[in-house]
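Engineer: Let me give you the structure first, and then I'll get to my questions.
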Amino acid sequence: MTQSSDTKSVPLIASIDVGTTSTRAILFNKLGQEVSKYQIEYSTTASKDKERNGSGGNGAEERNMIFSAEGIAVEANEYVEIEELGGQRDPTLRFPRPGWVECKPINVLANVVQCFAATLISINKLNEDREANDLPKYEIKCIGVTNMRETTIVWSKATGLPIVDYGIVWNDTRTMDIVNAKRANTPLDEQERLRAKTGLPVHSTYFSCSKLRWLLDNVKEVQDAYEKSDLMFGTVDTWLLFHLTHNNAFISDVTNASRTGFMNLETLDYDQELLDYWGIDKTKVHMPKIVPSALHYGDFVVPEITKSKLTEAALHVLEQFSKQSIPIQGSLGDQSSSLVGQMAYKAGSAKCTYGTGCFLLYNTGVKKLISQHGALTTFGYWFPNLEGEASKPHFVLEGSVAVAGAVVQWLRDNLRLFPKAEDVGPLASKVPDSGGVVFVPAFSGLFAPYWDADARGTILGMTQFTTASHIARAAIEGVCFQARAILKAMSSDAFGEAGKDKDFLEEIVDAGTYERTPLSTLAVDGGMSKSDEVMQIQADILGPCIKVRRSPTAECTALGAAIAANMAYENVEDRIWKDLEDAKKFVLFGGQDTEEETDSPRLKIFTSQSEDKQRRKNWSRWEAAIKRTMGWLADADAQSA
Numbered sequence: 001m002t003q004s005s006d007t008k009s010v011p012l013i014a015s016i017d018v019g020t021t022s023t024r025a026i027l028f029n030k031l032g033q034e035v036s037k038y039q040i041e042y043s044t045t046a047s048k049d050k051e052r053n054g055s056g057g058n059g060a061e062e063r064n065m066i067f068s069a070e071g072i073a074v075e076a077n078e079y080v081e082i083e084e085l086g087g088q089r090d091p092t093l094r095f096p097r098p099g100w101v102e103c104k105p106i107n108v109l110a111n112v113v114q115c116f117a118a119t120l121i122s123i124n125k126l127n128e129d130r131e132a133n134d135l136p137k138y139e140i141k142c143i144g145v146t147n148m149r150e151t152t153i154v155w156s157k158a159t160g161l162p163i164v165d166y167g168i169v170w171n172d173t174r175t176m177d178i179v180n181a182k183r184a185n186t187p188l189d190e191q192e193r194l195r196a197k198t199g200l201p202v203h204s205t206y207f208s209c210s211k212l213r214w215l216l217d218n219v220k221e222v223q224d225a226y227e228k229s230d231l232m233f234g235t236v237d238t239w240l241l242f243h244l245t246h247n248n249a250f251i252s253d254v255t256n257a258s259r260t261g262f263m264n265l266e267t268l269d270y271d272q273e274l275l276d277y278w279g280i281d282k283t284k285v286h287m288p289k290i291v292p293s294a295l296h297y298g299d300f301v302v303p304e305i306t307k308s309k310l311t312e313a314a315l316h317v318l319e320q321f322s323k324q325s326i327p328i329q330g331s332l333g334d335q336s337s338s339l340v341g342q343m344a345y346k347a348g349s350a351k352c353t354y355g356t357g358c359f360l361l362y363n364t365g366v367k368k369l370i371s372q373h374g375a376l377t378t379f380g381y382w383f384p385n386l387e388g389e390a391s392k393p394h395f396v397l398e399g400s401v402a403v404a405g406a407v408v409q410w411l412r413d414n415l416r417l418f419p420k421a422e423d424v425g426p427l428a429s430k431v432p433d434s435g436g437v438v439f440v441p442a443f444s445g446l447f448a449p450y451w452d453a454d455a456r457g458t459i460l461g462m463t464q465f466t467t468a469s470h471i472a473r474a475a476i477e478g479v480c481f482q483a484r485a486i487l488k489a490m491s492s493d494a495f496g497e498a499g500k501d502k503d504f505l506e507e508i509v510d511a512g513t514y515e516r517t518p519l520s521t522l523a524v525d526g527g528m529s530k531s532d533e534v535m536q537i538q539a540d541i542l543g544p545c546i547k548v549r550r551s552p553t554a555e556c557t558a559l560g561a562a563i564a565a566n567m568a569y570e571n572v573e574d575r576i577w578k579d580l581e582d583a584k585k586f587v588l589f590g591g592q593d594t595e596e597e598t599d600s601p602r603l604k605i606f607t608s609q610s611e612d613k614q615r616r617k618n619w620s621r622w623e624a625a626i627k628r629t630m631g632w633l634a635d636a637d638a639q640s641a
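Every letter in the sequence shown is one number past the one before it in full-length UniProt numbering, and letter 634, counting from 1, is 634.
This is the structure in structure tokens:
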């Protein structure tokens, strides 16, 4: 589909962003600015229990405020809605048992449609004002989708409705027994061979494969649909695109499909050995076609199953919009979408999203690397309509920090060191250093590159000199040290044997340059990145080889999906941004012809102010603390046995 020839319109791209705890729809202009936005923050079964028990203070405040996944207070207003519970409304996100996390697929779809309707109503009002002032109207050209990954949904091919009223969310751990049994019965050489195919650790509750296996083993309705070949399997992207497109597109892009545990990174298709390993008969389950991240999947329609949940005004504006045949043509898993929105396009560039945990992605370009240091191998994006190497699937190494924003929540709620999450930076900055305190926030074990489920949160080095500011600073440093550990491991992976046992973050400190390192810039977004104090601590811990660049937009994940949708046009003239570099030019530099990031008023750059000797001493102290933390639970249990 080509754009309208009407030059009296300002083109916008719509982005639908479905996270774990919220849904939003955003309309972006060429500068990557939000022209219209609406979001729904989820209440949960935990919230419902809190209301039932009458705890938490003033009831009106409870209804109009909720804490985000990053521990930041979110208030309801004309652009933000907090999910109402009660009556017929079940929560979108629920926790039915310890370790179980579920989402309600119908609610997820309804929230998307409601958010999108709100942005359309808003843009129509803006266009009335613009027309009255003789300004060009806004026009939505295409739509992109981004979503939480690995979350597993099953529905009926005959009806299009969920077979069970929940999806199993990515961080659910109910499949622990399944993966442990698989691990115990799989030789190590076979585990490594399967890992090389998927880029993922085979025996983890994280990925979709064990979730589908659990549903087949434990839910009769799913078993019955499977035997009748009526079972449709997909992640959140597949569920949304199936219902939001005129042709019921049954697809999954590579960034999402590569997180199922069924896809071969080389063939870009499902692998028969992997399906057999999990006991999946492909003739009995419908699996989505694996496609690029930028492709015309279908035109937007209002899903029939959501129409009864919409107001008359919302349904009217959506049906009018449906008549325009606007293409949905971008799809990315959330972390990959953040990479794209952060403009980390070149091999060797990296991004870090600070949410409840931290997600770091390191772009390895068209080269697939299987990490020797605990990182995952997955896809960053695939935009086939671009030219040259940019058109090929791009790989990334991924590492996660289990606790980031969650440690700020803990300091606020459990220790009551400050009333608001935003106060952590100023509190930590009251002292020049942690006063010798090291805080390893391993509340639920350690992720990459340590991978130790028996580690637990530890605070070392306290004396009578220690204050609340020292503990707050040590907590932030604990997150930043883990980010450094992952980047160190990824840099070593990028250089193979030549990088073995080397710390590239310290290799050329004396040269005083960023550009000669394997990794020169860390692009950051997410809750903790909003604090100048926290990002300066991160820059100091990384050292002078890496600069920290904060994005000009707080919604990098949603922006990435918009960029993907833009790149699906085959004709360059139909695009808002001609290519990835053009997107970078307008989003990062406001349309100016410069590549010097320090020249852009839209960017905030943090560089290290640390002294080499002290920084290296602090890193050694961190590594010593990690050794004392790892294996703590197993060691303690063994001694008490």
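All C-beta atoms, glycine included, are put in the ideal place defined by N, C-alpha and C. Quick caveat, the model's predicted, so the values are computed rather than measured.
1) So is residue 666 buried or exposed if we call it buried at 16+ other beta carbons inside 10 Å?
2) In this structure, what does DSSP give as the bridge partners for Met535?
3) Assign Ala523 to one of three DSSP states: helix, strand, or coil.
4) Within a Cβ cutoff of 8 Å, which residues of the same chain sit near Glu389, ignoring the five residues on either side of it in sequence?
5) Taking C-alpha atoms, which residue in Arg416, Leu360, Asp224, Gln592 lies nearest to Ile163?
6) Would you give the residue range spanned by the alpha helix (DSSP H) that Tyr410 belongs to?
7) Determine the closest residue to Glu150 out of Val440, Pro136, Thr186, Phe233, with distance taken between C-alpha atoms.
8) If you scan the segment 547-571 from start to end, which runs of the beta strand (DSSP E) of 3 or more residues do you find wholly inside it?
9) Is there contact here, the segment 205-214 with the segment 272-291, by at least three beta-carbon pairs under 8 Å?
10) Can you tell me which of the three DSSP states Lys613 falls into?
11) Taking the straight line between their C-alpha atoms, what separation do you get for Gly56 and Gln342?
12) Any chance the segment 484-496 sits against the segment 410-421, with 3 or more Cβ pairs inside 8 Å?
13) So, for Glu102: in the same chain, excluding its five sequence neighbours on each side, which residues have a beta-carbon less than 8 Å away from its beta-carbon?
14) If we call anything under 7 Å between Cβ atoms a contact, is Ser36 one with Thr146?
15) Shortest alpha-carbon distance to Phe481 belongs to which of Arg615, Ala375, Ala421, Ala523?
16) Which of helix, strand or coil does DSSP assign to Thr629?
17) Expressed to the nearest angstrom, what Euclidean distance is found between the alpha-carbon atoms of Asp17 and Tyr354?
18) Are there three or more Cβ pairs, one per stretch, closer than 8 Å when the segment 297-309 is compared with the segment 537-550?
19) Between Met528 and Gly405, is the Cβ-Cβ spacing less than 7 Å?
20) Where does the unbroken alpha helix (DSSP H) through Phe262 begin, and where does it stop?
21) Under 8 Å by Cβ, that's how I've got Val112 and Leu315 pegged, so tell me the actual separation to the nearest angstrom.
22) For the pair the segment 248-267 and the segment 285-296, tell me if three or more CB-CB distances fall below 8 Å.
23) Looking at the secondary structure, which residues open and close the alpha helix (DSSP H) in which Ser252 lies?
24) Could you check what DSSP says for Val440 in three-state terms: helix, strand or coil?
25) Would you kindly report the start and end of the unbroken alpha helix (DSSP H) that includes Ser22?
26) Check this for me: beta carbons of Ser252 and Tyr381, under 7 Å apart or not?
27) What distance in whole Å lies between the Cβ atoms of Ser337 and Gly199, which are believed to be in contact at a cut-off of 8 Å?
28) What whole-angstrom Cβ distance do Ile82 and Glu41 have, given they're in contact under 8 Å?
29) In chain order, what residues of the same chain lie with their CB nearer than 7 Å to the CB of residue 669, ignoring the 5 residues before and after it?
30) Which residue from Ile123, Thr377, Leu216 puts its Cα closest to that of Ile26?
31) What residue does the alpha helix (DSSP H) around Tyr226 start on, and which one ends it?
32) Can you say whether Ala442 is buried or exposed, counting buried as having 16 or more other CB atoms within 10 angstroms of its CB?
33) Excluding sequence positions up to five away, which residues of its chain have a Cβ less than 6 Å from the Cβ of Leu427?
34) From Val291 to Ile143, what distance separates their C-alpha atoms?
35) Report, in whole angstroms, the separation of the C-beta atoms of Thr377 and Leu361, which I expect to be a contact under 8 Å.
36) DSSP state of Gln39, grouped into three classes?
Structural biologist: By the coordinates alone:
1) No statement about residue 666 is possible, as the shown extent of the chain runs from 1 to 641 and does not include it.
2) Beta-bridge pairing links Met535 to no other residue.
3) strand
4) Gly365, Val366
5) Asp224
6) The question names Tyr, but residue 410 is Trp in the sequence shown. Start and end: 405-413.
7) Phe233
8) 547-550
9) yes
10) helix
11) Confidence at Gly56 is low in this model, with a pLDDT of 42, below 50, so the placement of that residue is unreliable and no value is reported for it.
12) no
13) Leu93, Arg94, Phe95, Pro96, Tyr166, Gly167, Ile168, Val169, Asp172
14) no
15) Arg615
16) helix
17) 17 Å
18) no
19) yes
20) Looking at the DSSP string, Phe262 is not in any alpha helix (DSSP H), and its letter there is neither H nor E.
21) With 8 Å as the limit, Val112 and Leu315 do not qualify as a contact, their Cβ atoms being about 14 Å apart.
22) yes
23) Careful: Ser252 lies outside any alpha helix (DSSP H), inside the beta strand (DSSP E) at 251-253.
24) strand
25) Element bounds for Ser22: not the alpha helix (DSSP H) but the beta strand (DSSP E), 22-28.
26) no
27) Wrong, their Cβ atoms sit about 18 Å apart, outside the cutoff.
28) 5 Å
29) Look at the range of the chain in this structure, 1 to 641, and you will see that residue 669 is not part of it.
30) Ile123
31) 220-227
32) buried
33) Phe418, Ser469, Ala472
34) 16 Å
35) Rounded, the Cβ-Cβ distance is 11 Å, inconsistent with contact.
36) strand
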